[in-house]
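Following: one structure in structure tokens, then a few remarks.
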Amino acid sequence: DAEASRQSSSDVVWEEATISREMREKRNGHKAAVLWFTGLSGSGKSTLSKRLERRLFDLGARTMFLDGDNLRHGLNGDLGFTAEARKENIRRVGEVAKLGYDFGNIVLCTFISPYQADRDFARSLLPGGRFYEVYVKCDLEVVKRRDPKGLYAKALRGEIKNFTGIDAPYEEPVKPELVVETDLHSADAIVERIMRQLLQAGIIERI
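Counting from 4, one number per residue, gives the positions in the sequence shown under the numbering used here.
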């Protein structure tokens with residue numbers, strides 16, 4: 004039960020690593036960070052994240068790519084799409100992203116993550132200046148027309164319930180580090196902007 008779970012968890016001691024994040028950062032030639040891409044389905048989160056990862060990889064950076072759909076095939080395969088399930092989804096992802104950060108990676112997370120409180124939880128796991136909330140903004144009518152996976156059409160027909168933007172809410176980020184508008188700017192231009200932001204922040208040393 005829940006009480007037994009709490010008791011067993013309290014007996015677990017954190018095992019400190021012999022190789023620190025700072026040591027890994029020095030070896031990698033860049034600082035660790037988490038970039039959290041949030042926005043409606045079809046807004047371009049995965050497209051931007053994958054292009055950004057390619058740029059970073061070509062510079063020799065250590066990266067991790069955590070995609071919402073991919074994780075629901077495994078780690079989060081037992082979760083649905085209620086508010087509580089979405090909260091647990093982001094809790095797990097946030098902890099995985101934190102582990103990737105601890106190992107010196109630049110972690111790219113692409114999740115609709117519609118609730119501000121859940122995104123704030125993920126942010127709380129990282130020190131200041133290492134979590135970048137990237138709001139991938141796109142007009143709802145545009146993403147409905149794009150509909151790359153056919154999900155909006157299904158949701159509008161009532162075949163999918165609790166679909167963000169149709170019958171489930173999306174809370175726009177309050178103070179994101181970046182707002183990028185994929186219905187106004189090209190993916191390449193947006194990636195270039197993010198790269199310059201990382202350079203200015205000292206996460207990477209060159210672009």
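In this text, a Cβ means the ideal position worked out from N, Cα and C, and glycines have one as well.
Helix, strand or coil at residue i [DSSP, three-state]
| i | result |
| --- | --- |
| Tyr118 | coil |
| Phe60 | helix |
| Glu136 | strand |
| Ile109 | strand |
| Thr21 | coil |
| Asp191 | helix |
| Ala5 | Low local confidence applies: a pLDDT of 47 at Ala5 is under 50, so the model's placement there is unreliable, and no value is given. |
| Glu208 | coil |
| Glu184 | strand |
| Val16 | coil |
| Glu2 | Nothing in the structure corresponds to residue 2, since the chain is present only between 4 and 210. |
| Leu129 | coil |
| Ile163 | coil |
Check whether residue i and residue j have beta carbons under 8 Å apart
| i | j | result |
| --- | --- | --- |
| Lys29 | Thr113 | no |
| Arg122 | Pro176 | yes |
| Leu59 | Thr66 | yes |
| Lys147 | Tyr155 | yes |
| Leu129 | Val37 | yes |
| Lys140 | Glu184 | yes |
| Leu111 | Phe68 | yes |
| Asp150 | Gly45 | yes |
| Leu62 | Ile197 | no |
| Tyr138 | Pro179 | yes |
| Ile206 | Lys34 | yes |
| Thr167 | Pro117 | yes |
| Ile115 | Gly71 | yes |
| Asn92 | Leu82 | yes |
| Ala204 | Gly132 | yes |
| Leu202 | Ile193 | no |
Residue range of the beta strand (DSSP E) that includes residue i
| i | result |
| --- | --- |
| Ala171 | It is not in any beta strand (DSSP E) - Ala171 carries neither H nor E in the DSSP assignment. |
Closer than 7 Å: residue i CB and nearest the ligand FMN heavy atom
| i | result |
| --- | --- |
| Glu19 | Looking for the ligand FMN in the displayed structure turns up nothing, as the structure carries no ligands at all. |
Continuous alpha helix (DSSP H) stretch holding residue i: start and end
| i | result |
| --- | --- |
| Glu144 | 143-149 |
| Leu38 | Counting along the chain, Leu38 falls outside any alpha helix (DSSP H), though it belongs to the beta strand (DSSP E) covering 36-41. |
| Lys157 | 154-159 |
Touching by the beta-carbon criterion (3+ pairs, under 8 Å), the segment 184-195 and the segment 107-123 = no
May I have a chain-ordered list of the alpha helix (DSSP H) segments no shorter than 4 residues that lie completely inside the segment 47-102? 48-61, 71-74
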